[in-house]
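Asks:
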Amino acid sequence: MPVKKKSARFVDKLYYNDDRRRLAKLVTGNSFDLFIMFVILANAIVLGLMTSDMMSFYFNKGLFLLDRLFMAIFIVEMFLKIFALRKKFFESGWNWFDLIVVVVSSVPDISSFIVLRTFRLFRLFKYVQKFSKMNNLVEIFITLLPTFVSFIAVFVIFSYVFAIMAVSLFGDVFASFSTLGASMFTLLQGFTLDGWASTIARPVMIVFPYAWIYFVSLIVLAFLIVVSFVISAISQIVSLTKK
17 MPVKKKSARF
27 VDKLYYNDDR
37 RRLAKLVTGN
47 SFDLFIMFVI
57 LANAIVLGLM
67 TSDMMSFYFN
77 KGLFLLDRLF
87 MAIFIVEMFL
97 KIFALRKKFF
107 ESGWNWFDLI
117 VVVVSSVPDI
127 SSFIVLRTFR
137 LFRLFKYVQK
147 FSKMNNLVEI
157 FITLLPTFVS
167 FIAVFVIFSY
177 VFAIMAVSLF
187 GDVFASFSTL
197 GASMFTLLQG
207 FTLDGWASTI
217 ARPVMIVFPY
227 AWIYFVSLIV
237 LAFLIVVSFV
247 ISAISQIVSL
257 TKK
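Numbered per the numbering used here, the sequence shown spans residues 17 to 259.
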């Protein structure tokens, strides 16, 4: 009897491992990925329709049920992958991202906020690698990300210094430069060149004739910083395409 029980357990374990291998092959296959992509896209359409007052008025219940159905599919997907892949599931950063998005968007007290539910749509980035041109675009974005972060850091420091100068020079007269926060916001408008001469610079120059030195220095240095970032980004893209 003990021998029969051991053999029976061995056979059951063998079938169990075989079923798990088949399931792992299924959930990591292209067909399953395409199905999940379709569900995510359909979910994106439903979430978009839920923001429409007219569609929500006539189809609110139906859209809500579809959203819950998609959520159920995502939860089942996570359970299947965790069961099939086990420890290997947690070795992938994309799987962690999928799991966090699904868990957060499935919490009852949180999922009522559509803003958090829209994070499911970011899962589409996982499937970009299926398309070579889009994958190249993402690779370029990832390559440029450190340079962009450095550019933002330099730009923030630059804006901070000029904002303090503006508060000291013009803050007593102009409300747009009265505080550090207001000054930085005003300078941000100046960086966009959106009517900065007529709405920002000229009124200040009427009261402070030598303010043109400040504004010209601001625009020229900001231009040089942007040009430096663009040249650095182009050189990185060229070097990436040569590989």
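Glycine included, C-beta positions come from ideal geometry on N, C-alpha and C.
Let me know if Val117 comes out buried or exposed under the rule of 16 or more other beta-carbons within 10 Å of its beta-carbon.
Replies: Indexing the sequence shown from 1 puts residue 117 at position 101. It counts as buried.
Asks: Hey, out of Thr195, Ile241, Ile250 and Ala182, whose CA is closest to Met221's CA?
Replies: Residue numbering aside, residue 221 sits at position 205 when the sequence shown is read from its first letter. Nearest C-alpha to Met221: Ala182.
Asks: In chain order, what residues of the same chain lie with their CB nearer than 8 Å to the CB of Leu39, ignoring the 5 residues before and after it?
Replies: Working through the sequence shown from its first residue, we reach residue 39 at position 23. Here the set comprises Leu96, Phe99 and Ala100.
Asks: Under a three-way DSSP split, which group does Leu101 fall into?
Replies: Here residue 101 refers to the residue found at position 85 of the sequence shown. Here Leu101 sits in helix by DSSP.
Asks: What's the C-alpha gap between Asn46 and Ile250?
Replies: Start at 1 with the first residue of the sequence shown, and residue 46 comes out as number 30. Start at 1 with the first residue of the sequence shown, and residue 250 comes out as number 234. Near 34 Å, if we compare the C-alpha coordinates of Ile250 and Asn46.
Asks: How is Thr215 classed by DSSP in three states: helix, strand or coil?
Replies: Along the sequence shown, read from residue 1 onward, the residue named residue 215 stands at position 199. Thr215: helix per DSSP, three-state reduction.
Asks: Determine whether the beta carbon atoms of Leu79 and Val55 lie at a separation below 8 Å.
Replies: The residue you call residue 79 lines up with position 63 of the sequence shown. The residue you call residue 55 lines up with position 39 of the sequence shown. Against a cut-off of 8 Å, the Cβ pair of Val55 and Leu79 comes out as no contact.
Asks: Would you kindly report the start and end of the unbroken alpha helix (DSSP H) that includes Asp49?
Replies: By one-based count along the sequence shown, residue 49 stands at place 33. Run containing Asp49: Asn46 to Met66, per the alpha helix (DSSP H) assignment.
Asks: My output table needs one value for Gly187: the three-state DSSP class, helix, strand or coil.
Replies: Residue numbering aside, residue 187 sits at position 171 when the sequence shown is read from its first letter. The answer is coil: DSSP assigns Gly187 none of H, G, I, E or B.
Asks: If you compare alpha carbons, which of Asp83, Gly109, Ile156 and Asn76 is closest to Ile253?
Replies: Along the sequence shown, read from residue 1 onward, the residue named residue 253 stands at position 237. Nearest C-alpha to Ile253: Ile156.
Asks: Looking only at its own chain, which residues have a Cβ that is under 6 Å from the Cβ of Ser199, when we skip the five neighbours before and after it?
Replies: By one-based count along the sequence shown, residue 199 stands at place 183. Closer than 6 Å at the Cβ level, and outside the excluded window around Ser199, lie Ala179, Ala182, Val183 and Phe193.
Asks: Could you give the distance in angstroms between the alpha-carbon of Ala217 and the alpha-carbon of Leu160?
Replies: For the purposes of this step, residue 217 is identified with residue 201 of the sequence shown, where counting begins at 1. For the purposes of this step, residue 160 is identified with residue 144 of the sequence shown, where counting begins at 1. Each residue's Cα considered, the two are about 34 Å apart.
Asks: Do Ile247 and Phe174 have their beta-carbon atoms positioned less than 8 Å apart in this structure?
Replies: Stepping through the sequence shown from its first residue, residue 174 is reached at position 158. Stepping through the sequence shown from its first residue, residue 247 is reached at position 231. Cβ distance not < 8 Å, so Phe174 and Ile247 don't count as in contact.
Asks: Can you tell me where the alpha helix (DSSP H) holding Leu196 begins and where it ends?
Replies: Taking the first residue of the sequence shown as position 1, residue 196 is located at position 180. Its alpha helix (DSSP H) spans residues Leu196 to Phe207.
Asks: Go ahead and label Val243 buried or exposed: buried means 16 or more other beta carbons lie within 10 angstroms of its beta carbon, across all protein chains shown.
Replies: As a working note, residue 243 is residue 227 in the sequence shown. Answer is exposed; the Cβ neighbour count stays below 16.
Asks: Over what stretch of residues does the alpha helix (DSSP H) that includes Phe193 continue unbroken?
Replies: For the purposes of this step, residue 193 is taken as residue 177 along the sequence shown, with counting starting at 1. Segment: none, Phe193 is in no alpha helix (DSSP H) and carries neither H nor E.
Asks: On the DSSP letters alone, give me the boundaries of the alpha helix (DSSP H) that Phe113 sits inside.
Replies: As a position in the sequence shown, residue 113 is number 97, starting the count at 1. Note, Phe113: alpha helix (DSSP H), Gly109 to Ser122.
Asks: By a C-beta neighbour count over all protein chains shown, 10 Å radius and 16 as the cutoff for buried, is Thr208 buried or exposed?
Replies: For the purposes of this step, residue 208 is taken as the residue at position 192 of the sequence shown. With fewer than 16 other Cβ atoms within 10 Å, it is exposed.
Asks: Which residue from Thr67, Val177, Asp49 and Phe171 puts its Cα closest to that of Ile89?
Replies: Reading the sequence shown from its first residue, position 73 is the one you call residue 89. Nearest of Thr67, Val177, Asp49 and Phe171 to Ile89, Cα basis: Asp49.
Asks: Is it buried or exposed, Phe239, if we count other Cβ atoms within 10 angstroms and call 16 or more buried?
Replies: Translated into positions along the sequence shown, residue 239 becomes position 223. Result: exposed.
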